[in-house]
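**Q** In terms of the working numbering, the sequence shown opens at residue 9 and continues consecutively.
Just so you know, even glycine gets a beta-carbon here, dropped at the ideal spot from N, CA and C.
What you are looking at is a predicted structure, and each value in this text was computed from that prediction instead of being measured.
Before I ask anything, let me first share the structure, which is written out below as structure tokens.
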Amino acid sequence: MNFVVDYSFLSFPIETLIAVLVVSSRSLLKAGWRPKLLATVLFASIVCAYFAVSIIGGALVVSFEQLNSLVFPMRCLLYLVYACLLAGIVRELYDVSGIEALLYTVMGYGLQHLGFAAASAVQVFIPMPTPWDVIFRLCVLAGMYVFAVQYLAQRFHVQVEAVKQSVRWVALSVFVLVCAIVFNMVLLMRPEHVVMPWQIDIAFRILDFLCTLLGMAVLLLVSTRDRLINDIDLLTQLNEAKMKHYNMSLENMELVNAKFHDVRKGLASVRAQIQNLDGTHNQLSEVSTESMRELENAIRVYDSIYQTGNDMIDAVLTEKSLYCSAHDIALSAMVDGNGFSFLKPSEITALFGNILDNAIEAVQNPHLPPANRAIELRAHVINGYSIIEASNFYAGEVQLSKDTGLPVSQKTNQRFHGFGMKSIAAVTHDYEGNVHVEADNETKVFEIRVVIPIPR
9 MNFVVDYSFL
19 SFPIETLIAV
29 LVVSSRSLLK
39 AGWRPKLLAT
49 VLFASIVCAY
59 FAVSIIGGAL
69 VVSFEQLNSL
79 VFPMRCLLYL
89 VYACLLAGIV
99 RELYDVSGIE
109 ALLYTVMGYG
119 LQHLGFAAAS
129 AVQVFIPMPT
139 PWDVIFRLCV
149 LAGMYVFAVQ
159 YLAQRFHVQV
169 EAVKQSVRWV
179 ALSVFVLVCA
189 IVFNMVLLMR
199 PEHVVMPWQI
209 DIAFRILDFL
219 CTLLGMAVLL
229 LVSTRDRLIN
239 DIDLLTQLNE
249 AKMKHYNMSL
259 ENMELVNAKF
269 HDVRKGLASV
279 RAQIQNLDGT
289 HNQLSEVSTE
299 SMRELENAIR
309 VYDSIYQTGN
319 DMIDAVLTEK
329 SLYCSAHDIA
339 LSAMVDGNGF
349 SFLKPSEITA
359 LFGNILDNAI
369 EAVQNPHLPP
379 ANRAIELRAH
389 VINGYSIIEA
399 SNFYAGEVQL
409 SKDTGLPVSQ
419 KTNQRFHGFG
429 MKSIAAVTHD
439 YEGNVHVEAD
449 NETKVFEIRV
459 VIPIPR
């Protein structure tokens, strides 16, 4: 029995390797030339063995027709072995775990097969002679890989802990991808005398494409979902830590203010007694009075606590004001705290604390002139909306994300940077408000405006 065999499997190793490298391109490469050299040698050896097995196996099948029944299982075994070895290449080339390497390989397999399925479906409608069919398939694969570089690679991040928590979904996606590839092999390796109607042929190929796309989508969504959950958990932990910090700050501030208020009254009483001393002590009185005045001025700093009408806002502003005074930063704040009484303490610290933290970080840049180390904060209520506005100078360039409108982090560890802005946006969106950010790279002025409708 003769089979209709598609010999496109000869280019399969190169196509799949490129797909896997595209998917894992955002991973961290191992340092040095040794891992790259070992990965190259390993891949070259695998390809040579792959071609040798394919050629020898094909020759045996031609010579012994009774071996035809072994073509399909041997081809499946060959693909499976190649997948495992390809995962080893990824493990050797990138700083990833075995599970990560395996999932990158599975996603790469799916990407290659997705392009192959799309090209095959088109060729059912538009038959192409050799070599145009091969050229068309390679063009489709190239387009698929370019798309994957731009969109898939940036969003697909394998997290081992997340995989362990979503084993069923990951296993389901891998199973769907394997089934799609196996069914496609069954379709391609059908007996020569079996002529399939074009309607059934195109239906099978479209189903193959959709199953592959489904498997890849599940893997991608599991990864994205777990990444979002981790971000939310970290964001919640950061906000809770800030709230605890400001609660302690509020308690300490009230205690210190009460103590220094008593001390100031005591100093005023002492100064009055000194001034009432006998005239023979006038010189002593003048010196003592000046000393008392200096002590009162020093204590007055602790009594100049913000009183906005909201205790938590007072705690945030007071702490930031003291920090700015100690670091030569001019902080001007005009805040009506009563207009934000509907916010939870954690939400207040997330908004005011993060806005001021970001502004302080910006003006502390050593490249910023001392005259520009200034921050303005305004918070008030207008027509049923609570509005927070802040502005500050900055050094360098600020880029705003086209997707979120928020600043793009310039730090190398972007995974854990930028949660301040994310926290501000999250609180604002919870109340169906909006955050507007402007950064003028000519005047070097950064402005943020938070508008929140007051619940009725």
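Pull the bridge partners of R99 from the DSSP assignment, please.
**A** For R99, which the question treats as bridged, DSSP gives no partner whatsoever.
**Q** Between the stretch 177-192 and the stretch 220-230, are three or more C-beta pairs nearer than 8 Å?
**A** Touching, yes, given that three or more Cβ pairs across the two stretches are closer than 8 Å.
**Q** One question on the structure: do V435 and I456 come within less than 8 Å of each other, judged by their Cβ atoms?
**A** No, these two residues do not count as a Cβ contact at 8 Å.
**Q** For A156 and A60, what's the separation of their Cα atoms in angstroms?
**A** C-alpha separation (whole angstroms): 31 Å.
**Q** Of the residues W41, A47, Q120, which one's Cα is nearest the Cα of I97?
**A** Closest option to I97, Cα to Cα, is A47.
**Q** Do V458 and L359 have their beta-carbon atoms positioned less than 8 Å apart in this structure?
**A** Cβ atoms of L359 and V458: closer than 8 Å.
**Q** Could you tell me the distance, in whole angstroms, from the CA atom of M320 to the CA atom of E369?
**A** Each residue's alpha carbon lies about 22 Å from the other.
**Q** Can you tell me whether DSSP reads H388 as helix, strand or coil?
**A** Correct three-state label for H388: strand.
**Q** Which of helix, strand or coil does DSSP assign to I395?
**A** Strand at I395.
**Q** Taking a contact to mean a Cβ-Cβ separation below 8 Å, would you say H121 touches I210 in this structure?
**A** No, they are not a contact pair.
**Q** Pull up the distance between the alpha-carbon of V31 and that of Y402, whole angstroms please.
**A** So the two alpha carbons sit approximately 37 Å from each other.
**Q** For V324 and G347, what's the separation of their Cα atoms in angstroms?
**A** The alpha-carbon atoms of V324 and G347 are separated by roughly 16 Å.
**Q** Output the boundary residues of the alpha helix (DSSP H) element that contains A31.
**A** The sequence given here has Val at residue 31, not Ala. 20-31 is the extent of the alpha helix (DSSP H) around V31.
**Q** Would the beta-carbon of I363 be found less than 7 Å away from any heavy atom of the ligand SAM?
**A** Absence of the ligand SAM from the depicted structure is noted, as is the absence of any ligand whatsoever, leaving it without description.
**Q** Can you name the residues that DSSP bridges to I460?
**A** S394.
**Q** Going by DSSP, what residue range makes up the alpha helix (DSSP H) through V154?
**A** 140-155 is the extent of the alpha helix (DSSP H) around V154.
**Q** Does the Cβ of T288 have 16 or more other Cβ atoms within 10 Å, making it buried, or fewer, making it exposed?
**A** Note that T288 has pLDDT 47, beneath the 50 cutoff, so the model's placement of it is unreliable and no number is given.
**Q** Give me the Cβ distance between A379 and P415, rounded to the nearest whole Å; I'm assuming they're in contact under 8 Å.
**A** That belief does not hold up - the Cβ atoms of A379 and P415 are roughly 23 Å apart, past 8 Å.
**Q** With contact counted as at least three CB pairs below 8 Å, one residue from each stretch, are the stretch 78-92 and the stretch 120-136 in contact?
**A** Too few Cβ pairs lie closer than 8 Å, so no.
**Q** In chain order, what residues of the same chain have a beta carbon less than 6 Å from the beta carbon of L465, not counting five sequence neighbours either side?
**A** Since the first residue of the chain shown is 9 and the last is 464, residue 465 is not available in this structure.
**Q** Under a Cβ-count criterion, where at least 16 other Cβ atoms within 10 Å of its own Cβ denotes burial, should N421 be classed as buried or exposed?
**A** Residue placement at N421 cannot be trusted, given a pLDDT of 44 that sits under 50; the coordinates are not used to answer.
**Q** Check this for me: beta carbons of K44 and Y102, under 8 Å apart or not?
**A** Not a contact, by the Cβ cut-off of 8 Å.
**Q** Starting from L330, trace the alpha helix (DSSP H) both ways and give me its first and last residue.
**A** Segment 319-334, the alpha helix (DSSP H) holding L330.
**Q** If we ignore side chains and look at the alpha-carbon of each, how far apart do F183 and V406 end up?
**A** Taking the straight line joining both Cα atoms gives about 45 Å.
**Q** Check N2 in the structure and name its three-state DSSP category.
**A** A query on residue 2 cannot be resolved here, the shown segment of the chain reaching from 9 to 464 and no further.
**Q** Roughly how many angstroms lie between the CA atoms of A57 and M429, to the nearest whole one?
**A** Roughly 53 Å separates the two Cα atoms.
**Q** Using DSSP bridges, identify the partner residues of I383.
**A** Per DSSP, L339, N400.
**Q** Among G118, E327, N400, A334, which has the Cα closest to the Cα of T357?
**A** Of the listed residues, the one whose Cα sits closest to T357 is E327.
**Q** Compute the Euclidean distance between the alpha carbons of P137 and S128, then round it to the nearest angstrom.
**A** If you take the alpha carbons of P137 and S128, they lie about 13 Å apart.
**Q** Nearest to S508 by CA position, among L146, V49, R213, is which residue?
**A** For the chain, the structure presents residues 9 to 464; residue 508 sits outside this window and is missing.
**Q** When the Cα atoms are used, what is the spatial distance from R99 to V89?
**A** Answer to the nearest angstrom: the Cα atoms are 15 Å apart.
**Q** With distances taken between CB atoms, is the gap from I383 to N362 smaller than 8 Å?
**A** No, they are not a contact pair.
**Q** DSSP three-state label for A39, please.
**A** Reduced to three states, the DSSP call for A39 is coil.
**Q** Taking 8 Å as the CB-CB limit, is L228 close to chain B?
**A** Included in the structure is just one protein chain, with no chain B present.
**Q** So, with DSSP's three-state summary, where would you put F4?
**A** This structure cannot settle anything about residue 4, because the visible part of the chain is limited to 9 through 464.
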